[in-house]
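If you're matching them up, the sequences are chains A and B in order.
Quick note, the first sequence lines up with residues 1 to 351 if you use my numbering.
Quick note, the second sequence lines up with residues 352 to 622 if you use my numbering.
A virtual CB, placed ideally from N, CA and C, is assigned to each residue, including glycine.
As the structure is a prediction and not an experimental result, all values here were calculated from the model.
Input: a single structure, listed below in structure tokens.
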Amino acid sequence: MTLDLARLRKAYGQFDFGPVDLTVDDEVLAVLGPSGSGKTTLLSLIAGITSPDSGSIRLADRALVGVPLEDRRVGMVFQEGALFPHMTVRENVEYAATTGDRVDELVALLELDDVLDRTPPTLSGGERQRVALARTLATDPDVLLLDEPLSSLDAPIRRRLRDELHGLFASLDIPVLYVTHDQRTATALGDRIAIVRDGALEQVGTPSAVLTRPTSRFVARFTGTENVFDATVTDRTADGATVQFGGVQLQTTTADVAQSAVTVCIHPSRVDVEAPYVADGDRTANAVSGTVTRWLNEGSEYRVDVDVDAGPLTLTASVRPPTFDRLALERGTAVQVLVPEASIHLIPGGE
Amino acid sequence: MSARSNSKQSGTATSGFDWLDVALVLGGVLLLYYVVPMVSLFVSVPAGDVLARMANPTVVDSATTSLLSATITTVVATLFGLPLAYWLARTDGAVAKVVLAFVVLPLVLPPTVGGIVLLTVFGPGSPLGDAAIAAGVPLTRSLAGVVLAQLFVASPFVVVTGKAAFESVDQTLEHASRSLGKSRLTTARRVTLPLAGPGILAGVTLAFARAIGEFGATMMLAYYPRTMPVQIWVAFIELGLDNAYPVAILLVLIAAAALLILNTAAANPWE
Numbered sequence: 001m002t003l004d005l006a007r008l009r010k011a012y013g014q015f016d017f018g019p020v021d022l023t024v025d026d027e028v029l030a031v032l033g034p035s036g037s038g039k040t041t042l043l044s045l046i047a048g049i050t051s052p053d054s055g056s057i058r059l060a061d062r063a064l065v066g067v068p069l070e071d072r073r074v075g076m077v078f079q080e081g082a083l084f085p086h087m088t089v090r091e092n093v094e095y096a097a098t099t100g101d102r103v104d105e106l107v108a109l110l111e112l113d114d115v116l117d118r119t120p121p122t123l124s125g126g127e128r129q130r131v132a133l134a135r136t137l138a139t140d141p142d143v144l145l146l147d148e149p150l151s152s153l154d155a156p157i158r159r160r161l162r163d164e165l166h167g168l169f170a171s172l173d174i175p176v177l178y179v180t181h182d183q184r185t186a187t188a189l190g191d192r193i194a195i196v197r198d199g200a201l202e203q204v205g206t207p208s209a210v211l212t213r214p215t216s217r218f219v220a221r222f223t224g225t226e227n228v229f230d231a232t233v234t235d236r237t238a239d240g241a242t243v244q245f246g247g248v249q250l251q252t253t254t255a256d257v258a259q260s261a262v263t264v265c266i267h268p269s270r271v272d273v274e275a276p277y278v279a280d281g282d283r284t285a286n287a288v289s290g291t292v293t294r295w296l297n298e299g300s301e302y303r304v305d306v307d308v309d310a311g312p313l314t315l316t317a318s319v320r321p322p323t324f325d326r327l328a329l330e331r332g333t334a335v336q337v338l339v340p341e342a343s344i345h346l347i348p349g350g351e
Numbered sequence: 352m353s354a355r356s357n358s359k360q361s362g363t364a365t366s367g368f369d370w371l372d373v374a375l376v377l378g379g380v381l382l383l384y385y386v387v388p389m390v391s392l393f394v395s396v397p398a399g400d401v402l403a404r405m406a407n408p409t410v411v412d413s414a415t416t417s418l419l420s421a422t423i424t425t426v427v428a429t430l431f432g433l434p435l436a437y438w439l440a441r442t443d444g445a446v447a448k449v450v451l452a453f454v455v456l457p458l459v460l461p462p463t464v465g466g467i468v469l470l471t472v473f474g475p476g477s478p479l480g481d482a483a484i485a486a487g488v489p490l491t492r493s494l495a496g497v498v499l500a501q502l503f504v505a506s507p508f509v510v511v512t513g514k515a516a517f518e519s520v521d522q523t524l525e526h527a528s529r530s531l532g533k534s535r536l537t538t539a540r541r542v543t544l545p546l547a548g549p550g551i552l553a554g555v556t557l558a559f560a561r562a563i564g565e566f567g568a569t570m571m572l573a574y575y576p577r578t579m580p581v582q583i584w585v586a587f588i589e590l591g592l593d594n595a596y597p598v599a600i601l602l603v604l605i606a607a608a609a610l611l612i613l614n615t616a617a618a619n620p621w622e
């Protein structure tokens, strides 16, 4: 089954959605973007809750525009679950199911045995989302749409349910669109990621492509690349280039940029912080010496800002706790930041 | 200037009463004003006397007319009012505002004026009124006239309260139902109506209570057959206050029953 959107447009007062062109095969497409970027509009258009001003939506060989919501065979899991509060869990799932066997199957799959006779208001957030998913899957939809189903859950439950969803999605042979504003959820669940900004698709690609090779500053920043700088290409060779910015010159292996004005992107997780003058570090990495000006404990890692000695430049690095402890980092510690050549990504053009 | 504001402050501080106490006293007076006449009505006539007069044919006839007409009115108001309530609940914009204004108009219009307005359409001399008389179903001085008068003043309660009830049902639930392959009708029947039910019942109850108490428009459209409020008027004018008590007590009991429904099965719109 293939879902195909072509030149899809919808205008709401101040907000313009589209034109959007997008093809989703039997895969999980994570739709990632800030709130108000049009993620939910995209799902509403596919589900048939809103109708587009122009453009087409096709599912296999069926045109969906103009087809009422109830005839589209598009399953949607709503943000808070949208469970019917006057029905028990069992009644909610049975409402949607065509056969009793399907109910039993989904109850087993989503481990709902214990909550079958309870009503939605008494369920926890995680239970509610499981029921919502079971209810939607009970209709055997041709497409599955999920609107931030995990956003209201506490971190441990969110992580657990995310792992379960990963396995569940793999067992479905239909297009799945998963809307989220959380980059970790998007990269964990998506076979591909679509970045949405101001009602348009900014970049579509595999998680690693989007993370390591963003095509715009917006994508770079939104996916966690904090080191984004205007730079100039000063030298170009067959297997790399030299870029200059903020008083430093760095070697990079990417040379597929024609312009001399470029934007340099370096993801904080792809650089290392070391003690100054360590000779046995990564020889192929650019070494930049500087001073720690600030650090934040983000739980699984520390985010460390280093003021570069050579110029007005601050590099941000993620540092794993063992390294952080070994180097005894604090404000004023002299360090060197190691930037592997392959970690430097270039976007054509400056700001 | 400063001396004056000082004395004002100390005046408030030393007088020693709280504004809440004032509110309680004022509210208490009003509450007594509600309760005392009600009690007075029930103690002013011996219970045996009231029961005896209740069996009087004019009382029985008026009670029958009132209950029958108010029931028909409520059914018709619900049948036509709920779809409009749903439409109003799911529509925004200027058109909906204008429609709502027309729905609320009978609530703020004096009932006698409502009666006059209705007479211009249904009364003798109007094309519709004459056609109905020719067909043998006169729209004034008949049960139909009573229902028309009651419908005008009572049906807005179904629409206005129903609208609020439908608005309280999250539209996402309707979208969810339809995305599960259920038609609009099935969605309305199994999701929207059950969830809006208590609010709708409140509107229906209020409409019934208003219909059974309707006097002004009814007097204009259908003096006969007499409803209970008209019967109270006639008894009071012709036979004196004492003779108006039994029907009045009946109406108070019906109003109390309506309140009971509002506070139990229905969603009391004023709570």
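Would residue 128(A) count as contacting chain B if we go by Cβ distances under 8 Å?
Indexing the first sequence from 1 puts residue 128(A) at position 128. No, no contact with chain B.
Just checking residue 452(B) against the ligand NAD - is the residue's beta carbon closer than 7 Å to any of the ligand's heavy atoms?
With respect to the ligand NAD, the structure shown offers nothing to examine, as it has no ligands at all.
Just curious, the beta strand (DSSP E) that residue 206(A) is in, first and last residue?
Sequence index remark: in the first sequence, residue 206(A) carries index 206 (1-based). Careful: residue 206(A) lies outside any beta strand (DSSP E) and carries neither H nor E.
When the Cα of residue 57(A) is compared with those of 51(A), 65(A), 317(A), which residue comes out closest?
Translated into the one-based positions of the first sequence, residue 57(A) becomes position 57. The shortest Cα separation from residue 57(A) among 51(A), 65(A), 317(A) belongs to 65(A).
Residues of the region 525 to 543 of chain B with a CB closer than 9 Å to any CB of chain A: list them in chain order, please.
526, 527, 528, 529, 530, 531, 532, 533, 534, 535, 537, 538, 541, 542
Nearest-angstrom Cα distance between residue 483(B) and residue 97(A)?
The residue you call residue 483(B) lines up with position 132 of the second sequence. The residue you call residue 97(A) lines up with position 97 of the first sequence. The straight-line gap from Cα to Cα measures roughly 53 Å.
Using the beta-carbon of each residue, which ones in chain B are nearer than 8 Å to residue 82(A)?
On the first sequence, position 82 is the one that residue 82(A) refers to. Going along chain B in sequence order, the residues near residue 82(A) (Cβ under 8 Å) are 521, 523, 524, 526, 527.
Going by CA-CA distance only, name the one from 123(A), 163(A), 8(A) that's closest to residue 63(A).
Against the first sequence, residue 63(A) aligns to sequence position 63. Comparing Cα positions, the closest option is 8(A).
Whole angstroms are fine: how far does the CA of residue 254(A) sit from the CA of residue 239(A)?
For the purposes of this step, residue 239(A) is taken as the residue at position 239 of the first sequence. For the purposes of this step, residue 254(A) is taken as the residue at position 254 of the first sequence. One C-alpha to the other measures close to 7 Å.
Can you grab the Cα-Cα spacing for the pair residue 322(A) / residue 38(A), in whole Å?
Residue mapping note: residue 322(A) aligns to position 322 of the first sequence, counting from 1. Residue mapping note: residue 38(A) aligns to position 38 of the first sequence, counting from 1. Between residue 322(A) and residue 38(A), the C-alpha separation is close to 41 Å.
Going along the chain, which residues of its own chain have a beta-carbon closer than 6 Å to the beta-carbon of residue 314(A), five neighbours each way excluded?
Counted from its first residue, the first sequence places residue 314(A) at position 314. Taken in chain order, the residues that qualify are 305, 307.
For residue 178(A) and residue 142(A), I'd like the C-alpha separation in whole angstroms.
Within the first sequence, the letter at position 178 stands for residue 178(A). Within the first sequence, the letter at position 142 stands for residue 142(A). Straight-line Cα distance between these residues: approximately 15 Å.
Could you compute how far the alpha carbon of residue 286(A) sits from the alpha carbon of residue 243(A)?
Numbered from its first residue, the first sequence carries residue 286(A) at position 286. Numbered from its first residue, the first sequence carries residue 243(A) at position 243. Each residue's alpha carbon lies about 11 Å from the other.
Please state the DSSP three-state secondary structure of residue 406(B).
Sequence index remark: in the second sequence, residue 406(B) carries index 55 (1-based). Reduced to three states, the DSSP call for residue 406(B) is coil.
In chain A, which residues lie with their C-beta within 9 Å of the C-beta of residue 546(B)?
Start at 1 with the first residue of the second sequence, and residue 546(B) comes out as number 195. Simply 84, 85, 86.
Three or more C-beta pairs closer than 8 Å, one from the region 28 to 43 of chain A and one from the region 168 to 183 of chain A: is that the case here?
yes
Proximity test, Cβ basis, 8 Å: residue 96(A) and chain B:
By one-based count along the first sequence, residue 96(A) stands at place 96. Yes, residue 96(A) counts as interfacial toward chain B.
List in chain order: all unbroken alpha helix (DSSP H) runs of 4+ residues lying wholly within the region 319 to 347 of chain A.
321 to 326
Proximal residues to residue 590(B) (C-beta, below 7 Å), its chain only, five neighbours per side dropped
Within the second sequence, residue 590(B) is the residue found at index 239, counting from 1. Nothing listed; no residue qualifies.
The region 494 to 509 of chain B / the region 421 to 435 of chain B touching (three or more Cβ pairs under 8 Å)
yes
Three-state secondary structure assigned by DSSP to residue 71(A)
As a working mapping, residue 71(A) is identified with position 71 in the first sequence. Correct three-state label for residue 71(A): helix.
Which of the three DSSP states is assigned to residue 566(B) in this structure?
Counting from one through the second sequence, the residue named residue 566(B) turns up at place 215. Reduced to three states, the DSSP call for residue 566(B) is coil.
From 220(A), 88(A), 317(A), pick the residue whose C-alpha is nearest to that of residue 345(A); which is it?
Working through the first sequence from its first residue, we reach residue 345(A) at position 345. Nearest option by C-alpha distance: 220(A).
Which residues mark the beginning and the end of the alpha helix (DSSP H) in which residue 198(A) is found?
For the purposes of this step, residue 198(A) is taken as the residue at position 198 of the first sequence. Counting along the chain, residue 198(A) falls outside any alpha helix (DSSP H), and DSSP gives it neither H nor E.
Can you tell me whether residue 235(A) is buried or exposed? The criterion is at least 16 other CB atoms within 10 Å of its CB, across all chains shown.
As a working note, residue 235(A) is residue 235 in the first sequence. Flag for residue 235(A) reads exposed.
Min CB distance residue 108(A) to chain B below 8 Å:
The sequence position of residue 108(A) within the first sequence is 108, counting from 1. So, not an interface residue.
If you drop the 5 nearest sequence neighbours on each side, which residues of the same chain put their C-beta closer than 7 Å to that of residue 446(B)?
Taking the second sequence and counting its residues from 1, one reaches residue 446(B) at position 95. For residue 446(B), where only same-chain residues beyond five positions count, there are no Cβ hits under 7 Å.
Chain B contact for residue 164(A) (CB, 8 Å cutoff)
Taking the first sequence and counting its residues from 1, the one referred to as residue 164(A) is at position 164. Answer no: the Cβ-Cβ gap between residue 164(A) and chain B never drops below 8 Å.
DSSP beta-bridge partners of residue 16(A)
As a first step, residue 16(A) is located in the first sequence; it is residue number 16 there, counting from the start. Looking at the DSSP assignment, residue 16(A) forms a beta bridge with 11(A).
Would you call residue 618(B) buried or exposed, if buried means 16 or more other Cβ atoms sit within 10 Å of its Cβ?
As a position in the second sequence, residue 618(B) is number 267, starting the count at 1. Counting Cβ neighbours within 10 Å, residue 618(B) comes out buried, since at least 16 surround it.
Min CB distance residue 232(A) to chain B below 8 Å
For this step, residue 232(A) is matched to residue 232 along the first sequence. For residue 232(A), the answer is no, since every Cβ of chain B falls outside 8 Å of its Cβ.
So, using beta-carbon positions, are residue 161(A) and residue 153(A) closer together than 8 Å?
Working through the first sequence from its first residue, we reach residue 161(A) at position 161. Working through the first sequence from its first residue, we reach residue 153(A) at position 153. For residue 161(A) and residue 153(A), yes; Cβs fall inside 8 Å.
What does DSSP give as the partner residues of residue 230(A) in its beta bridges?
To locate residue 230(A), count along the first sequence from 1; it is residue 230. Residue 230(A) pairs with 263(A).
Put residue 182(A) into one of helix, strand or coil per three-state DSSP.
On the first sequence, residue 182(A) is found 182 positions in, with the first residue counted as 1. In the structure shown, residue 182(A) sits in coil (DSSP, three-state: anything other than H, G, I, E or B).
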